[in-house]
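**Student:** Numbering that gives the first Met the number 0 applies: residue 0 is where the sequence shown begins, and numbers increase by one. I'd like to ask you about the structure that follows.
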Amino acid sequence: MPILDQRSLDFWSHSPEQTVRFGARLGELLAPGDVLTLSGELGAGKTTFVSGLCRGWGSADQVTSPTFVLVNVYRRPDGQSLWHVDGYRLTTRAEAQTLGLDDLLAGQGVVVVEWPERFAGLLPGERLNLTLRWADHTRRGLRLDAAGPRYETLLSDFRLAAFGS
Ligand SMILES: Nc1ncnc2c1ncn2[C@@H]1O[C@H](COP(=O)(O)OP(=O)(O)O)[C@@H](O)[C@H]1O
Ligand SMILES: [Mg+2]
C-alpha cells in the first residue's frame, strides 16, 4: 500500500464486498459535519462505498443510488443524519444552487457528495475526497485526498483502522 504523504492514500479494492468494508471502516470514524466527496465514473463503485460508509456510521437504512432523487438521507438511532447527494443529473449551476446544499452543510449531519464537480464553488474547500478508478471487472483503485486538518486526522485514523499503520 503506497502511502503518498500525510494527505493522500492509494489502495486497491478487489471486490464490491471489500469496497463496502473500506466504506464501513471510514464510516465508523465520521463525526457530525464531516464532508466527503466521491469522484469516479459511473459504475466505479461510489454508491457501493456509501452503503458500507452508512453501515459503519451506524445506520441500518438501505442505501440506494440517489441518481433519481438527488438527495437521500440515512438516519441513525441517536437521531443523527447522513446526507447522500448525487450531482449526476444536475446540468446547470442554478439547479445545483436550488438543491439546498448550503443548509445541509450548515447542519450537524454528515454530507456525502457524488459528482462534486457539479457543485463547483458550493462545497467547502476542507473535505475528504475519494476517487474510484475502474481497473477491471472486480478491481477498483481507490484514492483518498484530505484537505484541511480535520480530514488529515480522519485520513490517518482510517489508515490505522484499515491497514494497521
Ligand atoms: N471492487 C469493486 N468495488 C466496488 N464495486 C465493484 C467492484 N467490483 C465490481 N463492482 C461492481 O461495480 C458496480 C459499482 O456500482 P455503483 O457503486 O453503483 O457505482 P457508482 O455509484 O460509482 O456509479 C456494482 O455493480 C459493483 O458490484
Ligand atoms: Mg452512484
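Ideal placement from N, C-alpha and C gives every residue a C-beta, glycine not left out. Here the structure is a predicted model, which means the values were calculated and not measured.
Can you tell me the Cα-Cα spacing of Q107 and P15, whole angstroms?
**Tutor:** Spanning the two alpha carbons is a distance of roughly 30 Å.
**Student:** Can we count E116 as close to ligand 2, meaning its CB is less than 7 Å from some heavy atom?
**Tutor:** Because no heavy atom of ligand 2 lies under 7 Å away, the Cβ of E116 does not count as near it: no.
**Student:** Classify R138 as helix, strand or coil using the three-state DSSP reduction.
**Tutor:** Reduced to three states, the DSSP call for R138 is coil.
**Student:** Please list the terminal residues of the continuous beta strand (DSSP E) segment that includes R126.
**Tutor:** R126 to W133 is the span of the beta strand (DSSP E), which, as asked, contains R126.
**Student:** Let me confirm a value: S164 is counted as buried when at least 16 other C-beta atoms fall within 10 Å, else exposed. Which label applies?
**Tutor:** By the 10 Å Cβ count, S164 comes out exposed.
**Student:** Give, in chain order, every unbroken run of the alpha helix (DSSP H) that is at least 4 residues long and sits entirely within the stretch 54-129.
**Tutor:** With a minimum length of 4 residues, the continuous alpha helix (DSSP H) runs that stay inside the stretch 54-129 are 92-97 and 100-105.
**Student:** If we call anything under 8 Å between Cβ atoms a contact, is G147 one with E125?
**Tutor:** Result yes, Cβ atoms of G147 and E125 sit closer than 8 Å.
**Student:** Return yes when the C-beta of Q17 is under 7 Å from any heavy atom of ligand 1, and no when it is not.
**Tutor:** Q17: yes, Cβ under 7 Å from ligand 1.
**Student:** Quick one: using the 10 Å Cβ neighbour count with 16 as the cut-off for buried, is F21 buried or exposed?
**Tutor:** Under this definition F21 is a buried residue.
**Student:** Quick one: is the Cβ of S12 within less than 7 Å of any heavy atom of ligand 1?
**Tutor:** Within the cutoff, so yes.
**Student:** Between G55, F48 and N128, which has its C-alpha nearest R74's C-alpha?
**Tutor:** If we check each option's Cα against that of R74, G55 comes out closest.
**Student:** Count the other C-beta atoms from every protein chain shown that fall within 10 angstroms of the C-beta of Q17, then say buried if there are 16 or more, exposed otherwise.
**Tutor:** It counts as buried.
**Student:** What is the DSSP secondary structure of L52, counted as helix, strand or coil?
**Tutor:** Looking at L52 - three-state DSSP - the assignment turns out to be helix.
**Student:** In three-state DSSP terms, what is S155?
**Tutor:** Correct three-state label for S155: helix.
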